[in-house]
Amino acid sequence: TAAATPGELARIAGGIGDWNSESARERTREIVDAEIDKAIRDRYDFGVESTYSGRPGPALMERARNAGYRIEGIYLGTDSPEINAERVDHRVRTDTGHRIDTRRLPERYKYSLSNLRKTGDQFDQLEILDNSAHNTDRRATPTEQLVLENGVLRWQADELRGWCAEWLERFQQRRAAQTRA
């Protein structure tokens with residue numbers, strides 16, 4: 012099993028250079044992409060972590076699906092991009108994460124939910140969790156929101172967070188429109 016988790020990326024980047032260095036992050040991405048290519052070519056299981064806000068996440072999912080993989084996703088969302096910005100700032104201050112331009116987070120937040128809405132039915136299983144809350148140690152405390160199987164709602168919490176309820180409504184509207192077309 013291959014993994015491209017933040018810890019794995021940090022381990023790789025640690026041998027390349029400072030994880031706040033754009034060139035080190037680019038080199039790390041090249042290494043991880045090569046490992047994913049190898050995993051698909053050699054047909055072994057792998058996992059990745061993504062903000063899902065750009066083209067690479069959905070493109071990789073489609074590529075893996077076309078290669079015959081079962082696609083399982085766990086999506087962690089928050090009430091607002093401001094929560095994400097505060098967490099990035101905290102990780103940078105405590106040297107447990109790399110810097111990013113937090114001014115871009117509102118746009119990434121929007122695109123992440125949009126990508127998930129467009130591809131939600133392509134997951135064999137998709138679990139969506141709310142990751143807005145945290146405990147006194149500043150550790151996130153995710154709560155389950157819903158589970159989809161092949162785009163069909165199989166379970167949902169009694170009370171969905173606002174962002175998740177809105178996402179689900181728009182996702183279901185999109186599916187209904189596709190069914191009518």
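Counting the sequence shown from 1 gives a position; my numbering is that position plus 11. Built from N, CA and C at the ideal position, the CB exists for glycine as well.
Pick from the options: whose alpha carbon is nearest that of residue i?
{"i": "Arg-110", "options": "Arg-191, Ala-188, Gln-189, Glu-33", "result": "Glu-33"}
{"i": "Ile-51", "options": "Met-72, Glu-160, Ser-64", "result": "Met-72"}
{"i": "Gln-136", "options": "Ala-151, Phe-182, Glu-46, Ile-82", "result": "Ile-82"}
{"i": "Asn-95", "options": "Thr-130, Asp-141, Pro-69", "result": "Asp-141"}
{"i": "Gln-156", "options": "Arg-150, Gly-162, Glu-138", "result": "Glu-138"}
{"i": "Val-43", "options": "Thr-152, Gly-58, Asp-29", "result": "Gly-58"}
{"i": "Leu-159", "options": "Asn-146, Cys-175, Arg-150, Arg-74", "result": "Cys-175"}
{"i": "Asn-161", "options": "Ile-47, Ala-35, Glu-60, Gly-84", "result": "Gly-84"}
In whole angstroms, give me the CA-to-CA distance for residue i and residue j.
{"i": "Glu-197", "j": "Tyr-55", "result": "The question about residue 197 has no answer here: the residues shown for the chain are numbered 12 through 192."}
{"i": "Asp-53", "j": "Ala-78", "result": "11 Å"}
{"i": "Gln-184", "j": "Arg-76", "result": "24 Å"}
{"i": "Ala-187", "j": "Arg-38", "result": "42 Å"}
{"i": "Asp-132", "j": "Glu-177", "result": "16 Å"}
{"i": "Thr-62", "j": "Ser-123", "result": "7 Å"}
{"i": "Gln-189", "j": "Phe-134", "result": "17 Å"}
{"i": "Val-99", "j": "Leu-87", "result": "15 Å"}
Reducing DSSP to helix, strand and coil, say where residue i ends up.
{"i": "Ile-111", "result": "coil"}
{"i": "Gly-79", "result": "coil"}
{"i": "Ala-144", "result": "coil"}
{"i": "Ala-45", "result": "helix"}
{"i": "Glu-155", "result": "strand"}
So the beta strand (DSSP E) residue i belongs to, where does it begin and stop?
{"i": "Arg-165", "result": "163-167"}
{"i": "Gln-133", "result": "Careful: Gln-133 lies outside any beta strand (DSSP E) and carries neither H nor E."}
{"i": "Gly-58", "result": "57-59"}
Say the cut is 7 Å; is the CB of residue i nearer than that to a heavy atom of the ligand HEM?
{"i": "Val-103", "result": "The model on display carries no ligand, and the ligand HEM is accordingly not part of it."}
For my contact list, residue i and residue j are in at a C-beta cut-off of 8 Å; report their separation, rounded to the angstrom.
{"i": "Arg-102", "j": "Gly-108", "result": "3 Å"}
Return the first residue and the last residue of the alpha helix (DSSP H) that residue i is part of.
{"i": "Gly-173", "result": "173-191"}
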